[in-house]
(Lines of atoms letter the chains of each structure in order from A; the text may use other names.)
(Lines give C-alpha, C1' and ligand atoms only; values in the text may rest on other atoms or scores of the structure.)
Protein backbone atom coordinates (compact mmCIF):
# COMPACT_ATOMS: atom_id res chain seq x y z
CA UNK A 183 0.00 0.00 0.00
CA UNK A 184 2.79 2.43 0.83
CA UNK A 185 4.52 1.68 -2.48
CA UNK A 186 1.29 2.48 -4.32
CA UNK A 187 0.96 5.76 -2.41
CA UNK A 188 4.60 6.57 -3.16
CA UNK A 189 4.03 5.92 -6.88
CA UNK A 190 0.91 8.09 -6.86
CA UNK A 191 2.77 10.90 -5.04
CA UNK A 192 5.65 10.67 -7.50
CA UNK A 193 3.29 10.72 -10.48
CA UNK A 194 1.46 13.71 -9.02
CA UNK A 195 4.73 15.55 -8.44
CA UNK A 196 5.86 14.84 -12.00
CA UNK A 197 2.49 15.97 -13.34
CA UNK A 198 2.64 19.22 -11.35
CA UNK A 199 6.22 19.82 -12.48
CA UNK A 200 5.21 19.32 -16.11
CA UNK A 201 2.23 21.65 -15.69
CA UNK A 202 4.46 24.31 -14.09
CA UNK A 203 6.95 23.99 -16.95
CA UNK A 204 4.13 24.31 -19.53
CA UNK A 205 2.71 27.30 -17.67
CA UNK A 206 6.08 29.06 -17.76
CA UNK A 207 6.40 28.32 -21.48
CA UNK A 208 2.87 29.58 -22.08
CA UNK A 209 3.60 32.77 -20.17
CA UNK A 210 6.72 33.34 -22.31
CA UNK A 211 4.67 32.85 -25.48
CA UNK A 212 2.03 35.30 -24.27
CA UNK A 213 4.69 37.87 -23.40
CA UNK A 214 6.26 37.42 -26.84
CA UNK A 215 2.86 37.85 -28.50
CA UNK A 216 2.19 41.00 -26.47
CA UNK A 217 5.55 42.43 -27.53
CA UNK A 218 4.74 41.53 -31.14
CA UNK A 219 1.36 43.26 -30.95
CA UNK A 220 2.97 46.33 -29.37
CA UNK A 221 5.60 46.37 -32.14
CA UNK A 222 2.88 46.11 -34.80
CA UNK A 223 0.99 49.03 -33.26
CA UNK A 224 4.16 51.12 -33.12
CA UNK A 225 4.89 50.32 -36.78
CA UNK A 226 1.34 51.29 -37.79
CA UNK A 227 1.54 54.59 -35.87
CA UNK A 228 4.90 55.34 -37.48
CA UNK A 229 3.51 54.58 -40.95
CA UNK A 230 0.53 56.85 -40.35
CA UNK A 231 2.81 59.60 -39.07
CA UNK A 232 5.03 59.29 -42.14
CA UNK A 233 1.96 59.47 -44.37
CA UNK A 234 0.70 62.52 -42.51
CA UNK A 235 4.06 64.29 -42.94
CA UNK A 236 4.07 63.48 -46.64
CA UNK A 237 0.49 64.71 -46.96
CA UNK A 238 1.27 67.99 -45.19
CA UNK A 239 4.39 68.59 -47.27
CA UNK A 240 2.46 68.05 -50.49
CA UNK A 241 4.47 65.03 -51.58
CA UNK A 242 1.54 62.67 -51.15
CA UNK A 243 -1.92 62.95 -52.66
CA UNK A 244 -5.01 60.97 -51.87
CA UNK A 245 -7.05 59.21 -54.53
CA UNK A 246 -9.63 62.01 -54.40
CA UNK A 247 -6.93 64.62 -54.91
CA UNK A 248 -5.50 62.65 -57.83
CA UNK A 249 -8.95 62.41 -59.47
CA UNK A 250 -9.54 66.15 -58.99
CA UNK A 251 -6.13 66.93 -60.51
CA UNK A 252 -6.84 64.64 -63.46
CA UNK A 253 -10.19 66.40 -63.99
CA UNK A 254 -8.51 69.82 -63.90
CA UNK A 255 -5.81 68.74 -66.33
CA UNK A 256 -8.35 67.20 -68.69
CA UNK A 257 -9.89 70.64 -69.26
CA UNK A 258 -6.68 71.89 -70.87
CA UNK A 259 -5.43 71.03 -74.33
CA UNK A 260 -1.78 70.52 -74.83
CA UNK A 261 -0.95 70.75 -78.53
CA UNK A 262 2.57 70.43 -79.80
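Numbering (our numbering), first residue to last: 183 to 262.
Note that the Cβ used here is the ideal one computed from N, Cα and C, for glycine as well.
Residue 215 and residue 231 have their C-alpha atoms roughly 24 Å apart. In the displayed model, residue 184 falls within a helix according to three-state DSSP. If you ignore the 5 residues before and after residue 254, its C-beta comes within less than 7 Å of no other C-beta in its own chain.
The continuous stretches of alpha helix (DSSP H) do not include residue 259, and DSSP gives it neither H nor E.
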